[in-house]
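Contents: one structure, followed by commentary.
Protein chains: 2
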Amino acid sequence: MGEIILTLRDYHLTLNDVADHQPEYLETVFSLANGHFGVRANDPITGNPITGTLINGFYETAPITYGEAGIGYATQHQTILNLPDLRHLHVATATGHDFTNSERTGVDLDLSTGALVEHYTLQTLQGETIKMTVKSAIGQTKTEFWAIDYSFSAGNFAGGLVVSKAIAVPAEAEAIASADPRKTRMAGLPICETAFVSRDLQRYHVKTRQTKLAVTIYLGILTEGASLLRQNVDLSDQGTHSLTYEVYVGEMGQQNTIDPAATFMANSLSALLADSREFWQDVWNRSEVTVGGNDELDLAIHYNLFQLNQAAGRDGRTNIAAKGLSGSGYEGHYFWDTEMYMLPYFIYTNQKMARQLLLYRYQTLPKARQRARALGVTQGALFAWRTINGEEASAYFPAGTAQYHIDADVAYAVGKYYEITRDIDFIEQCGFEMVLETAHFWEAFGSWHQVGTDSRFEFHTVTGPDEYTALVNNNYYTNRLAKHNFNLVTYLAREILKDDPHGLEKFGIGSADLDVFDNLAQHVYLPYSQELRINEQDDSFLSKPRWPVDQSAPENFPLLLHYHPLTIYRYQIAKQADTLLADYLFPEDLSLSQLKREYHYYEGVTTHDSSLSRSIFSILAARMGDTEKAYHYFMDTAQMDLVNLQKNTADGLHLANLGGSWLALVAGFSGFYVQDEVVHFTNHLPKELTRLTYRMKIAASVLEIELTATTTNVTVISGPIPTYGVSVNGHLVSLEKVS
Amino acid sequence: MGEIILTLRDYHLTLNDVADHQPEYLETVFSLANGHFGVRANDPITGNPITGTLINGFYETAPITYGEAGIGYATQHQTILNLPDLRHLHVATATGHDFTNSERTGVDLDLSTGALVEHYTLQTLQGETIKMTVKSAIGQTKTEFWAIDYSFSAGNFAGGLVVSKAIAVPAEAEAIASADPRKTRMAGLPICETAFVSRDLQRYHVKTRQTKLAVTIYLGILTEGASLLRQNVDLSDQGTHSLTYEVYVGEMGQQNTIDPAATFMANSLSALLADSREFWQDVWNRSEVTVGGNDELDLAIHYNLFQLNQAAGRDGRTNIAAKGLSGSGYEGHYFWDTEMYMLPYFIYTNQKMARQLLLYRYQTLPKARQRARALGVTQGALFAWRTINGEEASAYFPAGTAQYHIDADVAYAVGKYYEITRDIDFIEQCGFEMVLETAHFWEAFGSWHQVGTDSRFEFHTVTGPDEYTALVNNNYYTNRLAKHNFNLVTYLAREILKDDPHGLEKFGIGSADLDVFDNLAQHVYLPYSQELRINEQDDSFLSKPRWPVDQSAPENFPLLLHYHPLTIYRYQIAKQADTLLADYLFPEDLSLSQLKREYHYYEGVTTHDSSLSRSIFSILAARMGDTEKAYHYFMDTAQMDLVNLQKNTADGLHLANLGGSWLALVAGFSGFYVQDEVVHFTNHLPKELTRLTYRMKIAASVLEIELTATTTNVTVISGPIPTYGVSVNGHLVSLEKVS
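From first to last, the protein sequence lines stand for chains A and B. Note that the first sequence covers residues 1 to 739 in full-length UniProt numbering. Note that the second sequence covers residues 1 to 739 in full-length UniProt numbering.
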């Protein structure tokens with residue numbers, strides 16, 4: 001791989017009109033992360049010193065209190081810890097005037113290297129000003145490290161400065177109760193121990209009380225001979241003086257026997273910048289997407305992929321939180337968003353990462369088995385709807401645990417991973433067990449219902465992806481995915497048997513079991529409206545009244561922040577793509593005319609109050625040839641966080657939407673999907689774009705796809721000429737290798 | 001009324017095998033109450049001194065904490081206060097040995113007078129024993145008063161005693177968190193002030209912190225010259241020595257300017273016993289039910305009516321809590337149980353009390369209007385599912401607020417009250433407004449659904465009486481009651497117009513509005529299974545799988561204490577009568593053959609985990625002529641608390657079931673119902689009973705009904721010969737007055 005290196009143009013996310021943005025928004029947007037930990041871009045002077053750093057999977061639990069508890073309810077909140085801001089700094093004049101005011105005058109994030117540069121003007125209460133430039137970078141293969149450099153120069157003040165920096169220890173704080181379920185809560189404060197190993201090195205040890213997780217963080221000042229707590233800087237020479245600091249964030253639970261001083265030397269800011277640059281070069285080389293005709297959009301899609309890569313846990317024990325490592329919204333939980341919205345990007349561009357993300361889910365399988373039992377299902381496993389440690393942490397089951405579809409989503413992702421990688425080892429070691437256990441779950445969870453001569457296998461009292469409709473029967477999406485789960489388990493079983501005739505023995509199943517699954521797959525009921533000639537979202541969705549026009553003023557959205565769930569549930573109103581999400585996943589299921597009917601129908605009853613919605617609407621609009629609509633939805637998708645569309649970017653980025661924006665380009669504008677070992681591309685480029693180019697890896701081949709208004713080129717830029725079929729605009733083609 | 005006085009035979013609830021019963025069970029079963037306050041029968045020596053007294057409607061609030069809160073959720077718990085035990089006593093020998101051990105050797109509650117007599121043997125750690133007899137009574141028209149007399153006599157000890165008695169002030173206690181939603185919680189402790197006005201009088205003032213309610217309680221010792229805190233008793237004469245105390249429990253919020261000493265003199269124990277006796281004579285005279293052939297059952301039904309009368313708030317500002325004043329289960333909340341299970345007894349035997357109970361609901365109408373708005377319903381009112389003060393206090397909306405049927409239940413009760421009383425004043429002042437506001441609610445809450453040529457008016461995402469099935473569409477019970485609500489509003493409107501041609505003007509409705517209601521009533525959709533030829537519980541109930549046989553072991557019941565709601569909801573399993581409850585209310589709706597089919601079907605899927613279930617099954621079995629089954633269900637109903645059938649009588653009596661047991665006799669065995677100004681009686685007396693006799697008041701006439709295996713007699717014992725029709729065993733009869 002990598003024979004042809006793309007030269008990334010200068011992709012800088014730059015803000016000069018910083019004052020127009022709320023600080024929390026900037027902290028999120030310019031956060032740096034590496035899958036292990038994230039550093040929000042707090043203002044070093046005025047930002048909150050006790051929050052800003054998030055370590056993936058470093059969480060605390062607290063009992064969930066219910067107004068009225070029930071059997072089998074999730075018992076423990078899991079909450080990612082908001083650790084002290086690593087960027088905080090105290091600056092004063094030598095005469096003792098603190099610089100308490102700070103204005104961020106410019107920010108520049110270089111997406112090709114990961115370097116973040118910011119410019120500040122600091123001011124004391126007495127009116128003295130200086131300028132400060134801050135450069136920072138996070139290690140991308142050296143994932144324990146982050147470094148920052150503060151350069152000071154004179155403003156109206158040009159005398160002596162005293163600079164001090166330390167990791168702040170949080171004081172007691174109260175738990176936050178919020179009516180907004182998308183925000184986070186403050187868990188019990190961890191046990192913190194901090195010590196100054198030497199004048200240039202602080203150790204900070206943080207241990208959780210309930211989960212017994214521990215991390216050691218070191219803060220050092222790299223500037224030779226300098227002191228952390230009191231460092232003099234003299235600006236009277238009118239020069240620029242910089243102080244460089246480095247932070248080491250250990251792995252959870254590991255004894256940190258490092259020699260920080262030596263380690264820091266080897267990982268200076270410039271070393272981290274080089275490490276970061278190399279990492280991003282590789283990322284862009286694998287997966288760069290360029291869009292012609294709209295520079296802003298081109299930048300946005302680069303930004304999205306940048307943040308997606310920053311957020312993803314790489315160790316097989318962590319995953320991608322709903323807000324990544326950019327904010328503590330949704331408590332740092334992992335959802336089905338990973339498998340359905342983010343994993344595709346990794347499956348098609350970085351299969352090792354995709355495997356790591358699936359491994360995380362596999363590790364939660366024992367807890368998923370317990371959860372199935374707690375739900376009265378006698379076999380199989382039910383993955384947690386929201387979780388860090390694998391246990392269910394949803395405190396509102398109608399829109400949490402009842403979304404059983406997560407099981408089929410995980411199975412679907414395993415299938416997609418295998419389809420492209422043919423990684424039979426992973427299937428035999430982990431993947432098949434997940435698909436088998438989820439299939440067993442559906443088998444025991446569902447029930448037969450005889451309607452006339454029709455034997456239906458049905459699923460009752462479930463919630464589909466649309467959280468504005470809860471506890472319904474035969475949610476189309478759930479049923480369709482469960483059907484796929486049954487099909488997949490027999491398919492993968494036969495793949496294993498090809499590889500090893502005894503390969504199924506360890507799973508305790510034989511051909512009779514496969515026959516059962518085949519039979520179930522054939523009989524899963526898929527609701528369809530004869531009247532409207534569309535798939536029905538569920539057995540009753542279409543019979544409910546539409547949301548009242550007089551309650552449809554823009555200020556009433558998102559509905560979940562303005563209406564009781566009972567109010568929302570009784571109407572025919574969807575938060576997001578639901579049946580259409582299944583249509584997107586299974587293009588072969590329905591004719592173009594039916595798709596158009598369904599799209600038209602469900603678009604009329606969907607609020608897009610979820611960030612998971614617009615990307616799917618964009619993809620399907622493209623598939624239907626309505627590229628104008630596809631473009632419209634895509635633009636909201638692509639720039640959702642940059643324009644703060646959902647107005648809560650302060651809580652963190654909408655990671656699933658970042659993945660969705662990639663899907664919209666690839667599955668939408670270029671019509672990509674894989675079916676029966678044929679890879680399909682169809683040119684649906686909107687007229688607003690002059691060109692779309694991207695790379696993906698399928699089996700061992702790296703393909704480059706380039707679309708213009710009149711051309712659709714797919715070439716092999718690395719690896720062998722594919723053995724699978726490639727269809728371009730409906731015609732099978734032979735690929736050529738460019739070299 | 002009252003020309004013929006029944007002489008109540010000696011109905012004593014007596015327990016001599018007291019040791020076989022847990023103390024909390026006895027405390028509940030022998031509790032005394034008068035609608036204003038209740039005194040549980042705590043052991044005076046070993047019982048918990050800080051709980052045992054409950055004042056109807058005296059409650060505290062505390063914020064409801066949700067794992068994940070939502071818009072419009074109930075915000076405040078309302079919890080009846082557990083006030084100090086008024087029966088507690090401290091007894092020691094003059095040598096300082098405390099009597100710390102106590103054995104209750106006998107209890108006798110005289111249902112004809114309300115006198116409670118108990119016998120105890122007390123023992124010190126040193127082995128000294130004495131005997132104590134305790135007599136107590138609560139005022140029934142003098143509802144502020146309760147008195148108790150303790151008589152001491154020698155056991156193996158015959159020396160001096162020191163007796164002290166005071167109202168105990170509770171210390172700080174922790175909130176109780178329980179997974180059993182049927183239990184109560186401890187609210188924040190109230191502010192208590194206690195003072196000894198004199199050596200024979202203690203004042204106890206208790207004030208809630210949030211609700212700002214206050215009550216003053218006085219405890220006095222009536223024995224002349226005696227002291228509350230230290231009273232010597234000398235048993236050396238081998239005689240019996242008694243001390244008599246009295247308690248005054250003020251009305252909430254009233255300044256207590258009474259002269260306790262003088263007041264107490266006028267209300268001595270003997271005066272209270274006389275007051276109580278008179279009250280119960282009147283109750284039995286109005287409403288006595290006697291059953292021949294089973295003395296135990298005869299006693300049980302007397303006990304049930306006794307407790308029902310004790311529990312009911314009589315002031316128009318309080319109601320009947322789910323556990324009455326016998327225990328703090330369900331937090332002292334009022335539910336729909338009042339209107340549907342308890343009010344009928346009062347409507348047909350004590351119309352003034354029935355009116356007071358409806359007045360309570362009327363007073364909550366302003367809060368019910370607010371609640372409807374909070375649920376996104378633009379007109380009408382939604383009564384709180386569970387409440388003391390009229391605000392919704394259900395912390396689990398799928399089995400709380402979603403039971404919208406409470407609106408139609410209240411309307412139904414108003415209609416039943418009017419049907420019998422013709423109390424047009426009440427309708428014009430209160431009743432019509434409730435029926436109109438609930439009809440307006442249904443009008444705005446429902447929606448039209450066109451199915452072929454059929455225009456249905458439907459109700460979506462509701463929970464019916466069966467709490468094991470939640471958030472469904474077109475619950476038959478709900479729809480049928482809503483249809484009745486529409487019919488009733490037009491009926492009552494026309495009744496008002498007869499009384500006063502301008503009578504509707506103040507309600508702002510005219511004939512066009514009545515036409516709208518008429519039209520809605522005609523089109524309310526009632527689900528019916530063509531296949532099974534039965535009414536369907538809801539749109540999807542019959543398509544769900546049955547509860548698995550392998551999870552049907554007795555120890556798995558009640559299901560709500562063993563399974564996650566999601567597990568229960570996805571099966572075709574009912575906690576209680578639901579569609580059958582509607583069938584009971586509207587006998588004219590269905591043929592006997594359909595009733596039999598429905599009964600057979602729903603009996604097979606009902607667990608009777610609710611105490612509201614068996615009485616309805618008994619009534620319908622009787623109506624179907626299956627008197628054996630009717631008797632079987634009735635026996636569980638009649639003795640539910642006396643045999644501790646639900647195993648939680650310790651938390652309080654099942655008041656609705658007490659009412660239900662009366663319904664089972666009257667509506668079941670004697671086939672009583674009223675339809676189109678005809679009062680129907682049909683003899684369904686089970687062979688196990690030789691006779692059933694009861695009284696009821698319809699319009700101004702008191703009827704006595706007497707059934708034997710071969711006879712059915714209905715006579716007028718007071719008031720005029722009725723102008724309405726009376727049907728006995730299917731034939732209209734002319735009644736004669738016995739005198």
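Don't be surprised by glycine CBs; every beta carbon is placed ideally from N, CA and C.
Cβ neighbours of residue i in the same chain (closer than 6 Å, five flanking residues each side left out)
i	result
I4 (chain B)	Residue placement at I4 (chain B) cannot be trusted, given a pLDDT of 45 that sits under 50; the coordinates are not used to answer.
T364 (chain B)	G390
Residue environment, residue i, which counts as buried when at least 16 other CB atoms sit within 10 Å
i	result
A630 (chain B)	buried
residue 740 (chain A)	Any answer about residue 740 (chain A) is impossible in this case: the structure gives chain A only from 1 up to 739.
G67 (chain B)	buried
S615 (chain A)	buried
T607 (chain A)	buried
H484 (chain B)	buried
Q675 (chain B)	exposed
G671 (chain A)	buried
M132 (chain B)	buried
H502 (chain A)	exposed
D550 (chain B)	exposed
Closer than 7 Å at the beta carbon, the chain B residues around residue i
i	result
P545 (chain A)	S447
Y569 (chain A)	T461, L471
D20 (chain A)	None at all; the shortest Cβ gap to chain B is about 30 Å.
Y396 (chain A)	G67, E68
I64 (chain A)	G67
D539 (chain A)	S540
Neighbourhood of residue i by C-beta, 7 Å cutoff - its chain only, sequence neighbours within 5 removed
i	result
N309 (chain B)	V283
Q238 (chain B)	A154, A158
F30 (chain B)	A41, V107, L109, L116
D298 (chain B)	T290, V291
P545 (chain A)	Y571, Q572
Per-residue contacts from residue i into chain B (C-beta, under 8 Å)
i	result
Q551 (chain A)	G376
Beta-carbon separation (whole angstroms), residue i vs residue j, contact threshold 8 Å
i	j	result
T65 (chain A)	T65 (chain B)	4 Å
E588 (chain B)	I534 (chain B)	Contact doesn't hold; Cβ gap of about 17 Å is too wide.
Given residue i as reference, the closest of the options once Cα atoms are compared
i	options	result
M252 (chain A)	A:L358, A:Y694, A:N56, A:F557	A:N56
I698 (chain A)	A:A311, A:A354, A:L189	A:A354
Y574 (chain B)	B:P344, B:G510, B:E467, B:Q551	The sequence given here has Ala at residue 574 (chain B), not Tyr. Considering only alpha carbons, the answer is B:E467.
I191 (chain B)	B:L201, B:K416, B:H205, B:I217	B:H205
Cβ shell of residue i (< 8 Å), same chain only, five flanking positions each side left out
i	result
D98 (chain B)	H90, V91, A92, T124, L125
T596 (chain A)	According to the sequence displayed, residue 596 (chain A) carries Lys and not Thr. Excluding sequence neighbours, K596 (chain A) sits near M624.
I424 (chain B)	Y418, E495, I496, D499
Within chain A, the residues that residue i reaches when beta carbons sit closer than 8 Å
i	result
Y563 (chain B)	I71, G72, G376
Interface partners of residue i on chain A, CB under 7 Å
i	result
T401 (chain B)	L566
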